[in-house]
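Asker: Numbering (mature numbering (1 follows the signal peptide of the UniProt record, and there is no 0)), first residue to last: -18 to -1, 1 to 131.
All C-beta atoms in this analysis are idealised placements derived from N, C-alpha and C, irrespective of residue type, glycine included.
None of the values given here were measured: they were computed from a predicted structure.
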């Protein structure tokens, strides 16, 4: 009976391994996307937090100097978040130095496994920075952006 239990347990483990290998054969990017998912989620959460915190501050600024200071601080935080995600993705796909990943993503020569999410993360960054820009410059010609991706 003990041997049967061990055999059953080994079969379950082997089945799990086989299922993962099968998934990687049918979708060779599955493991890369899974590893990148928390990186993208963290970046988007940071973008949302900065937007939620900065929008009321920008809208309530009393002077152009205060507006400039808040704008600079908030866009700096967004840039830092983008640098962090780019560095983490570069590290994930083995680019050395990892910061060079931005050169690939910005030219739309993305890692094929991450092309869609790279586009979304760069688009979301643009959406938030343009949102701040239009608060700071209400008379600027508006570029139509979609909602957060």
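By how many angstroms is the C-alpha of residue 14 removed from the C-alpha of residue 1?
Answerer: At residue 1, the pLDDT of 47 sits below 50, so the modelled position is not reliable; the number obtained from the coordinates is stated separately. Roughly 16 Å separates the two Cα atoms.
Asker: What are the uninterrupted segments assigned as alpha helix (DSSP H) that are 4 or more residues long and contained completely in the stretch 43 to 121, given in chain order?
Answerer: For the stretch 43 to 121, whole alpha helix (DSSP H) runs of length 4 or above, ordered along the chain, are 46 to 75, 83 to 88 and 97 to 118.
Asker: Note down, in chain order, each residue of its chain lying with its Cβ closer than 6 Å to the Cβ of residue 63, except the 5 sequence neighbours on either side.
Answerer: Excluding sequence neighbours, residue 63 sits near 25 and 28.
Asker: Which word fits residue 106, buried or exposed, when buried means at least 16 other C-beta atoms lie within 10 angstroms of its C-beta?
Answerer: Counting Cβ neighbours within 10 Å, residue 106 comes out buried, since at least 16 surround it.
Asker: Can you tell me the Cβ-Cβ gap for residue 18 and residue 74, rounded? I've got them flagged as a contact below 8 Å.
Answerer: So it is a contact: roughly 6 Å between Cβ atoms.
Asker: Can you have a look at residue 51 and say buried or exposed, based on whether 16 or more other CB atoms are within 10 angstroms of its CB?
Answerer: When all chains shown are included, residue 51 counts as exposed.
Asker: Out of 79, 9, 112 and 84, point me to the one whose CA is closest to residue 56's CA.
Answerer: Taking only the C-alpha atoms, the option nearest residue 56 is 112.
Asker: Going by C-alpha to C-alpha distance, which of 22, 95, 109 and 80 sits closest to residue 37?
Answerer: Considering only alpha carbons, the answer is 109.
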